[in-house]
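A.B. asks: Numbering (our numbering), first residue to last: 14 to 705.
The structure's right below; bear with me while I get my questions together.
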């Protein structure tokens, strides 16, 4: 059948229009595909003009930019980021979810590209790496810092990035930090990289660190410190070499300290040699401390010689302390003899201190004699402290006598402190009299009143409430009011709560209000919630608000949740943020350092909050600093320990000093033995030990 001309013409017109429509449909994606190639041009001006041209498309370009960002192609991601950087105002943020997806991934070329975008636009942080966003995204911050460390930006920025990687603590940054340590041209960057590797922990490769010992002295010092934290026998001989041969005494000291951390007995002989013969007292002192940590009885003879013959007071103290850590029966006998007979008061003083650290009850009689009769008040004070650490109630009567009759206020204060640590109720009347006796205060030396107030709190007898409330309400000196507030936190009584709430509202001294918050949190009953929430919202001092947040952290209730969230949302108070983290109401984030808020509670509390929800590194930090725990944070520590494996040794915060020292040693030994198997069970919300 023949097709007529008109039909042919009609079909031709339809075909032409179809081709035109198809061309229009295909033109746009083809055009954008061509632009990707132009954005990868070696010519900077071509890249620049192409990026501006696409950016001018605005919303129309967004689907293509998102597609490029999700392509997992370095070429596509680079093209998208070049365009986004040229877009008007905050239009680029429409692609932020796609950029975040990249930044949350493993470090790569495309994470570097995305990092460059959010850094150059000032969205992630300012030019000095102070974070504006991503506080709760440690992986994102890691990738941004790695980009800066690799990028060739100025040395100050690279050093800051290395330091931040140490704080973030992600082991996936180790490769990049090692590269900076070995090849960055700036010694400060290498030093910060070394410190960051030390902060990240024990899994750092050893060989590159040992090789770095031969470089810049600044870096060598940091590397020596790190080697002391790595559980690897290969580091011992290089450190011994530094102790023996390094001309810089500071590095010899650091190496001696590192050997003490490692506690390998191969170090005993070179450390004894350094103790006896090094020409720098700082190195000798470090060697003594290290020998004490290692605990080998072979070090006894050189340590006793150092205690008796060293002309420097501090060096004698280091030797005595090391003898105490070895805690051999021979050490006790030598220290008792020195305490009785040595004419040098420094030797007697340090001997008295160390006998308390050892905790041998056989030293009680000689310490009682020293407390009652030594001519030097410093030695008498040390005897009182050591009697408290031993915890033998035979000392109570002599300590009461020292509290009431000693001519030196420091000794009386020490006796009050010792009586509180021993918790013998026979001391209560004498301690109440000391609190009420205004003559006990001497601003130039010691506050017997305040120390007696704390002692009454430690003993925990409710007879102390009334005199402590009077001291808190009427004390003319702020330190007494602070101590009285702290003591009332041990006494769970409604009168204590009322007095503390009043102090929190009205006391003019910040430190008193802070302590009142801590004490109310320690009491923890329902009636403390209202005054603490009021302080959280209304106190004019940020540190008081921070302490109020910490005090509320473990008190249940929706009103507490709400108050903490409001405080965090309105002022980003770090205490509120970590309290929410403790309660499971916030994601992980880095708390500011203690220096940022001038408060030493916060880093400890942050560690507890992390450890409560499965952060193994935080548990390691708690165990390493267990002897520094603040009283008002003990309850948080105990909550973390309640989630430990069944064979965890545990810790009794109320035990005598000598017992606690023994428990610390057992706990740390358990952790060293178990750390490679230590893990978190998310379902049971407990730690456990993986099968070998």
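Ideal Cβ placement from N, Cα and C applies to all residues, glycine included.
Hey, residue 658 and residue 615: beta-carbon distance below 8 Å or not?
C.D. replies: no
A.B. asks: For the alpha helix (DSSP H) that residue 439 lies in, which residues bound it at each end?
C.D. replies: Careful: residue 439 lies outside any alpha helix (DSSP H) and carries neither H nor E.
A.B. asks: By how many angstroms is the C-alpha of residue 553 removed from the C-alpha of residue 360?
C.D. replies: 49 Å
A.B. asks: Please tell me whether residue 153 and residue 123 are closer than 8 Å, where the distance is taken between their beta carbons.
C.D. replies: no
A.B. asks: Quick check on DSSP: helix, strand or coil for residue 692?
C.D. replies: Under the three-state reduction of DSSP, residue 692 is assigned to strand.
A.B. asks: Relative to the C-alpha of residue 641, which residue among 673, 627 and 624 is closest?
C.D. replies: 673
A.B. asks: I think residue 47 touches residue 82, with their Cβ atoms under 8 Å apart; what is that distance to the nearest whole Å?
C.D. replies: Not confirmed; about 19 Å, so no contact.
A.B. asks: DSSP has residue 341 in a bridge; who is on the other side?
C.D. replies: DSSP output for residue 341 lists no bridge partner at all.
A.B. asks: Does the distance from the CB of residue 469 to the CB of residue 438 come in under 8 Å?
C.D. replies: no
A.B. asks: Quick one: grab the DSSP three-state call for residue 357.
C.D. replies: coil
A.B. asks: Excluding five sequence neighbours on each side, which residues of the same chain lie with their C-beta closer than 6 Å to the C-beta of residue 52?
C.D. replies: 60, 63, 92 and 95
A.B. asks: Helix, strand or coil: which one does DSSP assign to residue 35?
C.D. replies: The pLDDT assigned to residue 35 is 46, lower than 50, so where the model puts this residue is not dependable; a value taken from the coordinates is nonetheless given after this. Under the three-state reduction of DSSP output, residue 35 falls in the helix class.
A.B. asks: Look up residue 531 in the DSSP assignment and say whether it is helix, strand or coil.
C.D. replies: helix
A.B. asks: Indicate the three-state DSSP secondary structure (helix, strand or coil) for residue 490 in the structure shown.
C.D. replies: coil
A.B. asks: By Cβ distance below 7 Å, which residues in the same chain neighbour residue 418 in space, the five residues on each side in sequence not counted?
C.D. replies: none
A.B. asks: In terms of residue numbering, what span does the alpha helix (DSSP H) encompassing residue 702 cover?
C.D. replies: Element bounds for residue 702: not the alpha helix (DSSP H) but the beta strand (DSSP E), 699-702.
A.B. asks: Whose C-alpha, out of 329, 527, 188 and 172, is nearest the C-alpha of residue 200?
C.D. replies: 172
A.B. asks: Express the C-alpha separation of residue 511 and residue 103 in angstroms, rounding to a whole number.
C.D. replies: 53 Å
A.B. asks: Would you say residue 593 and residue 581 are within 8 Å of each other, going by their C-beta atoms?
C.D. replies: Residue 581 is positioned such that its CB atom lies closer than 8 Å to that of residue 593.
A.B. asks: Looking at residue 208: is its Cβ nearer than 8 Å to the Cβ of residue 176?
C.D. replies: yes
A.B. asks: Let me check understanding here. Comparing Cα to Cα, which of 249, 700 and 288 lies closest to residue 279?
C.D. replies: 249
A.B. asks: In the structure shown, what three-state DSSP assignment does residue 111 receive?
C.D. replies: helix
A.B. asks: Ends of the alpha helix (DSSP H) at residue 126?
C.D. replies: 122-133
A.B. asks: Below 8 Å CB to CB, which residues in the same chain sit around residue 189 once its five sequence neighbours on both sides are set aside?
C.D. replies: 120, 159, 162, 163 and 178
A.B. asks: Does the beta-carbon of residue 458 have 16 or more other beta-carbons within 10 angstroms, so that it is buried, or is it exposed?
C.D. replies: A caution first: residue 458 carries a pLDDT of 46, below 50, which makes its placement in the model unreliable, though a value can still be read off. With fewer than 16 Cβ atoms within 10 Å of its Cβ, residue 458 is classed as exposed.
A.B. asks: May I ask which residues mark the beginning and end of the alpha helix (DSSP H) holding residue 256?
C.D. replies: 249-258
A.B. asks: Check whether the Cβ atoms of residue 309 and residue 281 lie closer than 8 Å to each other.
C.D. replies: yes
A.B. asks: In terms of DSSP beta bridges, what is residue 503 paired with?
C.D. replies: DSSP, once it has assigned bridges, lists no residue as partnering residue 503.
A.B. asks: Provide the residue span of the alpha helix (DSSP H) that contains residue 189, from first to last.
C.D. replies: Note, residue 189: alpha helix (DSSP H), 187-196.
A.B. asks: Closest to residue 403 by C-alpha separation, out of 431, 414 and 273, would be which residue?
C.D. replies: 431
A.B. asks: Of all the options 654, 561 and 540, which has the alpha carbon lying nearest to the alpha carbon of residue 530?
C.D. replies: 561
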